[in-house]
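Asks:
Protein chains in written order, with this note's numbering: chain S, 21 to 188; chain A, 6 to 190.
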């Protein structure tokens, strides 16, 4: 099976790997990793598809144009990388719910998708409102000692912990 | 050659994809493309997420500041304000607990076969981003610039050399990770 076929790696291996990856993306691409910006670009692309150029001319899409750039390829890469990794360990499986969810809410896929969708909408709003996500602020921002990164990351966890405790 | 890698469009797109590929593998092997692991962290029963993030931050921080000191790179801190970082951060936190995903982990989850992350998570995130984009002009006028502090970094705020902050923060992070391990968390 080998190390690539392993189901899990130590969080320290993964974390150090992400750190080293960040060195390389900065040195070679002059980029820090981030995942919410490409989502905003896809939103712009879809809006443009449905509502034409009028939608695409929103001021926000001037800041984050709906074009195929480094960060969009990065997000697409994640999909493929996770797939290859899951296949290598034999853990790729089509599924809709996970154990913790089922223990609290049952195994109905529709409910999970609806709640995931609502959570997703809030995440789309929150990540763009904060100007980044766990990668962009939580890892890239904090490693640069950016005040925006540290403040956002702390609020991610404060908001998340309080909400999780309320739900469960 | 660095100039070409950084500037040439095809080189950039290829690098982005390869970097994403590696990140996707790391996220999947880390187990974070999973509702249970994310909620486990927020419920403070599973510290995988924090261990990964802190390890990444300490490694990344040391390396990028070393490269900055050598003059090889420039940093790109994001601008912020209380209106964006705090308000947006808290909304993000609520979303994180409700959905159990953020953009990167949702993408990793989809890659592992979790279809709720595709039809629920990513689809919702795209809609949410579009809603934010639509509301942006009004939000910008009202709250987004409240308490604006710009692209400031901690060393600049404290008016010290980078390493005066980097080294203590690195030690603190390693200390926290060591404590988590010894506490059996």
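The beta-carbon is built from N, C-alpha and C at its ideal position, and this holds for glycine as well.
Can you name the residues of chain S whose CB is closer than 7 Å to the CB of residue 128 of chain A?
Replies: Working through the second chain from its first residue, we reach residue 128 of chain A at position 123. 137 and 140, listed in chain order.
Asks: What's the C-alpha gap between residue 128 of chain S and residue 125 of chain A?
Replies: Residue numbering aside, residue 128 of chain S sits at position 108 when the first chain is read from its first letter. Residue numbering aside, residue 125 of chain A sits at position 120 when the second chain is read from its first letter. Going from the Cα of residue 128 of chain S to the Cα of residue 125 of chain A covers about 13 Å.
Asks: Only counting runs of 4 or more residues, tell me where the alpha helix (DSSP H) segments fall wholly within the region 58-110 of chain A, in order along the chain.
Replies: Within the region 58-110 of chain A, the complete alpha helix (DSSP H) runs of at least 4 residues are 92-104.
Asks: State the beta-bridge partners of residue 115 of chain S as determined by DSSP.
Replies: For the purposes of this step, residue 115 of chain S is identified with residue 95 of the first chain, where counting begins at 1. A:119, per the DSSP bridge assignment.
Asks: When DSSP builds the beta bridges, which residues end up paired with residue 153 of chain A?
Replies: Position 148 of the second chain, counting from 1, holds the residue named residue 153 of chain A. DSSP, once it has assigned bridges, lists A:86 as partnering residue 153 of chain A.
Asks: Pick helix, strand or coil for residue 78 of chain S, following the three-state DSSP scheme.
Replies: Mapped onto the first chain, residue 78 of chain S falls at position 58. The answer is coil: DSSP assigns residue 78 of chain S none of H, G, I, E or B.
Asks: When burial is assigned at 16 or more other CB atoms within 10 Å of the CB, is residue 82 of chain A buried or exposed?
Replies: Along the second chain, read from residue 1 onward, the residue named residue 82 of chain A stands at position 77. By the 10 Å Cβ count, residue 82 of chain A comes out buried.
Asks: Between residue 159 of chain S and residue 53 of chain S, which are expected to be in contact by the criterion C-beta below 8 Å, what is the C-beta distance as a whole number of angstroms?
Replies: Residue numbering aside, residue 159 of chain S sits at position 139 when the first chain is read from its first letter. Residue numbering aside, residue 53 of chain S sits at position 33 when the first chain is read from its first letter. About 7 Å separates the two Cβ atoms, so the contact holds.
Asks: Buried or exposed: which applies to residue 6 of chain A, given that a residue is buried once 16 or more other Cβ atoms fall within 10 Å of its Cβ?
Replies: Your numbering for residue 6 of chain A matches position 1 in the second chain. With fewer than 16 Cβ atoms within 10 Å of its Cβ, residue 6 of chain A is classed as exposed.
Asks: Across which residues does DSSP place residue 166 of chain S in a beta bridge pair?
Replies: Start at 1 with the first residue of the first chain, and residue 166 of chain S comes out as number 146. Beta-bridge pairing links residue 166 of chain S to A:158.
Asks: In angstroms with no decimal places, state the Cα-to-Cα distance between residue 26 of chain S and residue 108 of chain S.
Replies: Residue 26 of chain S sits at position 6 when you count from the first residue of the first chain. Residue 108 of chain S sits at position 88 when you count from the first residue of the first chain. The straight-line gap from Cα to Cα measures roughly 8 Å.
Asks: So, with DSSP's three-state summary, where would you put residue 31 of chain S?
Replies: Reading the first chain from its first residue, position 11 is the one you call residue 31 of chain S. In the structure shown, residue 31 of chain S sits in a helix (DSSP, three-state: H, G or I).
Asks: For chain S, is any of its Cβ atoms less than 8 Å away from the one on residue 112 of chain A?
Replies: Residue numbering aside, residue 112 of chain A sits at position 107 when the second chain is read from its first letter. So, interface residue.
Asks: Using a Cβ-Cβ cut-off of less than 9 Å, give me the residues of the region 47-61 of chain A that come near chain S, in sequence order.
Replies: Those would be 47, 48, 49, 52, 53, 54, 55, 56, 57, 58, 59, 60 and 61, in chain order.
Asks: Taking contact to mean 3 or more Cβ pairs, one atom from each stretch, closer than 8 Å, check whether the region 91-109 of chain A and the region 154-171 of chain A are in contact.
Replies: No, the region 91-109 of chain A is not in contact with the region 154-171 of chain A.
Asks: Find the nearest neighbour of residue 113 of chain A within the set S:101, S:134 and S:114, judged by alpha-carbon distance.
Replies: As a position in the second chain, residue 113 of chain A is number 108, starting the count at 1. Per the Cα distances, S:101.
Asks: Just mark residue 86 of chain S as buried or exposed, buried being the case when its beta carbon has 16 or more other beta carbons within 10 Å.
Replies: Position 66 of the first chain holds residue 86 of chain S. Residue 86 of chain S should be labelled buried.
Asks: Between residue 84 of chain S and the ligand MG, is the CB less than 7 Å from at least one heavy atom?
Replies: Among the ligands in the structure shown, none appear at all, so the ligand MG cannot be discussed.
Asks: Do you know how far the Cα of residue 179 of chain A is from the Cα of residue 31 of chain S?
Replies: For the purposes of this step, residue 31 of chain S is identified with residue 11 of the first chain, where counting begins at 1. For the purposes of this step, residue 179 of chain A is identified with residue 174 of the second chain, where counting begins at 1. So the two alpha carbons sit approximately 13 Å from each other.
Asks: Can you name the residues of chain A whose CB is closer than 7 Å to the CB of residue 31 of chain S?
Replies: What you label residue 31 of chain S is simply residue 11 of the first chain in a count that begins at 1. In chain order: 35, 53, 56, 57 and 60.
Asks: Is the separation between the beta-carbon of residue 185 of chain A and that of residue 185 of chain S shorter than 8 Å?
Replies: Position 180 of the second chain, counted from the start, is the residue given in the question as residue 185 of chain A. Position 165 of the first chain, counted from the start, is the residue given in the question as residue 185 of chain S. It is not a contact, given that the beta carbons lie outside the stated cut-off.
Asks: Between residue 138 of chain A and chain S, is the shortest Cβ-Cβ distance under 8 Å, so that the two count as touching?
Replies: Counting from one through the second chain, the residue named residue 138 of chain A turns up at place 133. Output row for residue 138 of chain A: interface = yes.
Asks: Which bits of chain S does residue 119 of chain A rub up against, with CB to CB less than 8 Å?
Replies: The residue you call residue 119 of chain A lines up with position 114 of the second chain. Here the neighbours are 115, 116 and 118.
Asks: Consider the Cβ of residue 128 of chain S: report whether some Cβ of chain A lies at a distance smaller than 8 Å.
Replies: One-based indexing of the first chain puts residue 128 of chain S at position 108. So, not an interface residue.
Asks: If contact means a Cβ-Cβ distance below 8 Å, which residues of the region 163-187 of chain A contact chain S?
Replies: Against chain S - using a Cβ distance shorter than 8 Å - the residues of the region 163-187 of chain A are 167, 170, 171, 174 and 182.
Asks: Taking C-alpha atoms, which residue in S:169, S:113, S:88 and S:81 lies nearest to residue 18 of chain A?
Replies: Stepping through the second chain from its first residue, residue 18 of chain A is reached at position 13. Comparing Cα-Cα distances from residue 18 of chain A to each of S:169, S:113, S:88 and S:81, the minimum goes to S:88.
Asks: In chain A, which residues lie with their C-beta within 9 Å of the C-beta of residue 22 of chain S?
Replies: In the first chain, the residue the question calls residue 22 of chain S occupies position 2. Chain A residues near residue 22 of chain S: none, gap ~13 Å exceeds 9 Å.
Asks: So, under 8 Å CB-CB, residue 55 of chain S and residue 95 of chain S are touching, yes? Tell me the CB distance rounded to an integer number of Å.
Replies: Counting from one through the first chain, the residue named residue 55 of chain S turns up at place 35. Counting from one through the first chain, the residue named residue 95 of chain S turns up at place 75. Yes, they are in contact, since the Cβ atoms of residue 55 of chain S and residue 95 of chain S sit about 6 Å apart, within 8 Å.
Asks: What's the C-alpha gap between residue 78 of chain A and residue 85 of chain A?
Replies: Start at 1 with the first residue of the second chain, and residue 78 of chain A comes out as number 73. Start at 1 with the first residue of the second chain, and residue 85 of chain A comes out as number 80. If I take the Cα positions, the gap works out to 22 Å.
Asks: Short of 7 Å Cβ to Cβ, which residues in the region 46-61 of chain S face chain A?
Replies: So the list reads 46, 47, 48, 49, 50, 52, 53, 55, 56, 59 and 60, given in the order they occur along the chain.
Asks: Decide yes or no for the touch test of the region 125-139 of chain A against the region 165-182 of chain S: beta carbon pairs closer than 8 Å, at least 3 of them.
Replies: Taking 8 Å as the limit for Cβ pairs, the verdict is that the region 165-182 of chain S does not touch the region 125-139 of chain A.
Asks: List, in order along the chain, the chain S residues whose C-beta lies closer than 7 Å to that of residue 134 of chain A?
Replies: Within the second chain, numbered from 1, the residue matching residue 134 of chain A stands at position 129. Those are 59, 60, 63, 144 and 148, listed as they occur along chain S.
Asks: Given a threshold of 16 other Cβ atoms within 10 Å of its Cβ, counted over all protein chains shown, does residue 43 of chain S qualify as buried or as exposed?
Replies: Your numbering for residue 43 of chain S matches position 23 in the first chain. Result: buried.
Asks: Go to residue 94 of chain S, then tell me how far its alpha helix (DSSP H) extends in each direction, as first and last residue.
Replies: Translated into the one-based positions of the first chain, residue 94 of chain S becomes position 74. Unbroken alpha helix (DSSP H) run through residue 94 of chain S: 90-108.
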